Amino acid sequence: MIDDETTILAIVDRFFGAFASGPGLDERMAELRSLFLPGAVVVRTCGDLAVYDVDGFVEPRHELLADGSFEDFAEWPVAGTVTVYGDVAHWWGDYAKGGRRDGAPFEGRGVKSIQLVRTDAGWRISAAAWDDERPHP
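For the sequence shown, full-length UniProt numbering begins at 1 and goes up steadily by one.
Listed below in structure tokens is the structure:
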């Protein structure tokens with residue numbers, strides 16, 4: 001039997017793995033949607049607060065990754081911790097991203113907080129929030 005932490009880490013890996021350019025994008029985006037509860041909330045801080053529902057979060061990223069401006073793009077967790085209490089879990093960690101945008105190499109880092117709940121269908125993301133590093137003045 002796979003333990004909860006292993007299952008949650010696999011969900012986190014699938015979450016980050018969805019954000020990649022190249023073949024299989026439609027399948028990755030469909031899988032990303034399946035990781036969320038229907039009413040989940042995703043929050044971006046990054047200096048400009050934005051609150052998304054699942055479709056409002058997934059669709060613009062799908063379009064951006066499909067339009068050809070990103071090449072060799074990927075996001076991945078760098079380090080994180082999982083806490084589980086009953087049917088509630090939380091992953092908190094650093095992540096990185098990189099590739100080429102409009103032909104120019106770029107990279108970035110940030111933190112994400114992913115809250116999950118156990119459902120009859122297994123663990124699902126109920127909320128996520130992130131903040132990316134910004135240049136310091």
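Just so you know, even glycine gets a beta-carbon here, dropped at the ideal spot from N, CA and C.
What you are looking at is a predicted structure, and each value in this text was computed from that prediction instead of being measured.
Item: Which runs of the alpha helix (DSSP H), 4 residues or longer, sit entirely within the region 37-86?; Value: 54-66
Item: Assess contact between the region 45-54 and the region 75-87, defined as three or more Cβ pairs (one per stretch) separated by less than 8 Å. Is contact present?; Value: no
Item: Please name the residue in Pro135, His90, Pro105, Val84 whose C-alpha comes closest to that of Glu71.; Value: Pro105
Item: According to the neighbour-count rule (16 or more other Cβ atoms, all chains shown, within 10 Å of its Cβ), is Ile114 buried or exposed?; Value: buried
Item: What residue range does the alpha helix (DSSP H) around Glu133 cover?; Value: It is not in any alpha helix (DSSP H) - Glu133 carries neither H nor E in the DSSP assignment.
Item: Under 7 Å, do Leu25 and Ala89 count as touching if we go by C-beta distance?; Value: no
Item: Using DSSP's beta-bridge definition, name the partner residues of Arg28.; Value: Beta-bridge pairing links Arg28 to no other residue.
Item: Using the Cβ count rule (16 or more neighbours within 10 Å means buried), how would you classify Gly99?; Value: buried
Item: Run through the DSSP bridge pairs and tell me what Ala104 is partnered with.; Value: Arg101
Item: Pull up the DSSP beta-bridge partners for Leu116, would you.; Value: Ala89, Ile125
Item: Taking the alpha carbon of Ser126 as the point to measure from, which residue in Leu116, His62, Thr7, Ala18 has its own alpha carbon closest?; Value: Leu116
Item: Between which two residues does the alpha helix (DSSP H) carrying Gly17 extend?; Value: 4-17
Item: I'd like to know whether the C-beta atoms of Trp92 and Val12 end up nearer to each other than 7 Å.; Value: no
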